[in-house]
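Student:
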Amino acid sequence: MFTRNGTGKRTESDATTETWQRYERGVSYHERNNLYAQTDKNHRYFAGDQWRGAYLGSISPVRFNFIKPTVLYKVSTVAQNTMSLHYEPNAFSMLAGQENQEGAQLFLQAAEKICQKLNGHASRMWEKNKMDTVLWDCVLEAAIAGDAFLYFYEKDGEVVCEQVDTTNVYFGNENERDLQKQPYILIAFRQTVEQVRREAKQNGVPEDLLRQIVPDSDTATQAGDSAKTEVETDEDGGKCMVVLELSRKTHKDGRSCVVSRKSTRYVEIQPERDQGHAMYPMAHMAWEPIKGCCRGYGEVRFLIDNQIEENKNLARRAVAVMQSAYPKMIYRTDAIGDPEALYKTGASIGVNDMNAQDVQNYVRYLSPASTSPDAYTLTEELREVTRNLAGASEAALGDINPENASGKAILAVRDAAAAPLSRQIAAYRQFVEDIGRVWFDMWAAYSPEGKAVLVTVTDAMGREMQAVEIIPYEAMQRLKVHVNVDVSPSDAYSKYAVEQSLENCLANGWITFEEYVEALPADSAAPKGKLTEILQRRAMAAPPALSGTEDRL
196 MFTRNGTGKR TESDATTETW QRYERGVSYH ERNNLYAQTD KNHRYFAGDQ WRGAYLGSIS
256 PVRFNFIKPT VLYKVSTVAQ NTMSLHYEPN AFSMLAGQEN QEGAQLFLQA AEKICQKLNG
316 HASRMWEKNK MDTVLWDCVL EAAIAGDAFL YFYEKDGEVV CEQVDTTNVY FGNENERDLQ
376 KQPYILIAFR QTVEQVRREA KQNGVPEDLL RQIVPDSDTA TQAGDSAKTE VETDEDGGKC
436 MVVLELSRKT HKDGRSCVVS RKSTRYVEIQ PERDQGHAMY PMAHMAWEPI KGCCRGYGEV
496 RFLIDNQIEE NKNLARRAVA VMQSAYPKMI YRTDAIGDPE ALYKTGASIG VNDMNAQDVQ
556 NYVRYLSPAS TSPDAYTLTE ELREVTRNLA GASEAALGDI NPENASGKAI LAVRDAAAAP
616 LSRQIAAYRQ FVEDIGRVWF DMWAAYSPEG KAVLVTVTDA MGREMQAVEI IPYEAMQRLK
676 VHVNVDVSPS DAYSKYAVEQ SLENCLANGW ITFEEYVEAL PADSAAPKGK LTEILQRRAM
736 AAPPALSGTE DRL
């Protein structure tokens, strides 16, 4: 509800909700740190829009965009490591301090079976949420903007995720790097007025306050130039800013949990609601952490100045070539009868009162001034040195002929070039581990009647089939888990090295052809499916094997 000051008049600070006031403080902090403008600039330069605001006249906005291949190389090096989640019981936490050790051991054994079921469920949820694609987008966003955020929420009984721009996330303590230690987290997003009013009405907001939810044009804080322009519609179809606030609350029994509330500028559309889980439902990856700050720098930010200088140098070279690379003709206008004929191929040129032999005295070409090679050298040096210092040299970018090098040699060169990205790979792995921890925390909270998982069972006839099994709520609450992340490189050269190793084993007679086909990866360059069909046809056409002495002979 609105409050009034001592004069009986409503002030702007009184009118806005508490959540909105926190949001405005966050906006002010981002503006002081130039987060909005810098994020937009990073995205523009990555995409190749690098001459915005410059007056060039007749000069073409030439560019050699070295930012994009550099960033894409680093992103692929980090994100090509396929991640998978695995849960296992935290034996120390489950056994320490337990008086009934025998009972604790029995539950630990049961916990191992529960974790196996959760691993299968996590694998299915990974595919359902298309997490491999989501993570690629997150790594790319972190490399460009500096940070990537995933927000998780419950929908239709399961956990789903949504990527959030760094410009739409506001922390209560911008100096605390650990997201789970934040006093509160705000997430801002744009939503149609009709949707917001409908949600507010479902939450019991009075009709007079519903009319306070109106469209606005607060798009300056949205990431990307296109996000600042919205389709013009009527009042109900227009959009307004909504802020979701996440904070912690401690219950009387000492249990800490996350609570949420949602607000527009003047109306709290969702009152405080206990989410039931202990962790903030978010995961954060910073590309290059900033000392004393919870955010990070992106790869693009410190390449921009060199890109600007190279673009300027290219423009200067283009002007120099335009002005001096081609000779210019001069002639006496009173001596040439038809000056236009000078520019026509094969045309006859009439002269006035002079001999044809003296034409060079009346028509000449000016010799163009030579262009210094320093301009070209500077352009090449800026591009090559910048890429080398960024760890994106030609060798790192894959300028290796696979026909002249073995798969292992290629991997050795690639891994040596990728060594500077070890920190980002570690941050990526931690990012995935945080996702696994949030998933488990939300599964335990949102399943009061037990967590339903899909398992594979065998019927009386020995046939495998899918069945739903319920993990009891009490078991999920007692269970303490470790989250392990398995990393599997999935780039082309890794697969090439595996296939080369198998081919060497086959050539040396260490394995049979059948074993070779079976060991081939499912996505190998060799046609594993076709080879398997050939082996099956051979097996069907082969005569039955002999038994006894004849078989041994």
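Numbering (this note's numbering), first residue to last: 196 to 748. We put the CB at the ideal spot given by N, CA and C, even for glycine.
(1) Could you name the residues of the same chain whose beta carbon sits closer than 7 angstroms to that of Y250, not counting the 5 residues immediately before and after it, in chain order?
(2) Would DSSP call I729 helix, strand or coil?
(3) Mind checking if M326 is an interface residue toward chain B, Cβ cutoff 8 angstroms exclusive?
(4) Could you give the DSSP three-state label for R393: helix, strand or coil?
(5) What is the DSSP secondary structure of Y688, counted as helix, strand or coil?
(6) Which runs of the alpha helix (DSSP H) fall wholly inside the stretch 323-388 and span at least 4 residues, in chain order?
(7) Can you give the beta carbon distance from R632 to V678, rounded, assuming they're within the 8 angstroms contact cut?
(8) Nearest to Q275 by alpha carbon, out of T234, W331, N285 and F261?
(9) Starting from Y250, follow its DSSP beta bridges and name the residues at the other end.
(10) Is DSSP giving D469 helix, strand or coil here?
(11) Measuring straight from C-alpha to C-alpha, what distance separates M671 and K376?
(12) Measure from the alpha carbon of N363 to the alpha carbon of each residue in Q731, R372 and T414, then state which is nearest.
(13) What separation, rounded to the nearest whole angstrom, lies between the Cα atoms of A542 and R559?
(14) Would you call the stretch 234-244 in contact with the stretch 492-500, where contact means no fewer than 3 C-beta pairs closer than 8 angstroms?
(15) Using a threshold of 8 angstroms, state whether the C-beta atoms of V388 and C435 are closer than that.
(16) Expressed to the nearest angstrom, what Euclidean distance is found between the alpha-carbon atoms of A481 and R385?
(17) Which residues bound the alpha helix (DSSP H) around L404?
(18) Alpha carbon to alpha carbon, what distance is there between D431 and E575?
(19) Give me, in chain order, the residues of the same chain whose beta-carbon lies closer than 8 angstroms to that of C700; leave out the 5 immediate sequence neighbours on both sides.
(20) Do V648 and I666 count as a contact pair if the criterion is CB distance below 8 angstroms?
(21) Output needed for Y668: all residues of its chain with C-beta closer than 7 angstroms, excluding positions within five of it in sequence on either side, in chain order.
(22) Three or more C-beta pairs closer than 8 angstroms, one from the stretch 458-472 and one from the stretch 209-219: is that the case here?
(23) Could you tell me if G156 is buried or exposed, where buried requires 16 or more neighbouring beta carbons within 10 angstroms of its beta carbon?
(24) Please state whether the Cβ-Cβ distance between S451 and Y379 is less than 8 angstroms.
(25) Relative to the C-alpha of D403, which candidate in P284, I339, I464 and Q661 has its C-alpha closest?
(26) Taking Cβ positions, are I254 and A513 nearer each other than 8 angstroms?
(27) Pairs of beta-carbons, one from the stretch 300-310 and one from the stretch 354-362, closer than 8 angstroms: are there three or more?
(28) Is the stretch 220-232 close to the stretch 467-487, with three or more CB pairs under 8 angstroms?
(29) Under 7 angstroms Cβ to Cβ from A653, same chain only, skipping five residues before and after it: list those, please.
(30) Tell whether a beta-carbon distance below 8 angstroms holds between Q245 and N508.
(31) For S458, which three-state DSSP category applies?
(32) Specify the secondary structure class of T416 as computed by DSSP and reduced to three states.
(33) Would you check if the stretch 310-324 and the stretch 265-282 touch, i.e. whether three or more CB-CB distances between them fall below 8 angstroms?
(34) Is the beta carbon of V354 less than 8 angstroms from the beta carbon of I408?
(35) With DSSP as the reference, label C452 as helix, strand or coil.
(36) Looking at C-alpha atoms only, which residue of Q397, W638 and V438 is the closest neighbour of A383?
Tutor: On the basis of the coordinates in this document:
(1) none
(2) helix
(3) No chain B appears in this structure, which consists of one protein chain only.
(4) helix
(5) Note that Y688 scores a pLDDT of 49, beneath 50, so its modelled location is shaky; the value from the coordinates is reported in the next line. Helix at Y688.
(6) 326-340
(7) 5 angstroms
(8) W331
(9) DSSP output for Y250 lists no bridge partner at all.
(10) strand
(11) 24 angstroms
(12) T414
(13) 18 angstroms
(14) yes
(15) yes
(16) 24 angstroms
(17) E402 to L405
(18) 55 angstroms
(19) I706 and Y711
(20) yes
(21) S642, P643, E644 and G645
(22) yes
(23) An answer regarding residue 156 cannot be provided, because it is not within the stretch 196 to 748 covered by the chain.
(24) no
(25) I464
(26) yes
(27) no
(28) no
(29) Before going on, a small fix: residue 653 reads as Thr here, not Ala. Excluding residues within five positions, the ones whose Cβ falls inside 7 angstroms are E659.
(30) no
(31) strand
(32) coil
(33) yes
(34) no
(35) strand
(36) V438
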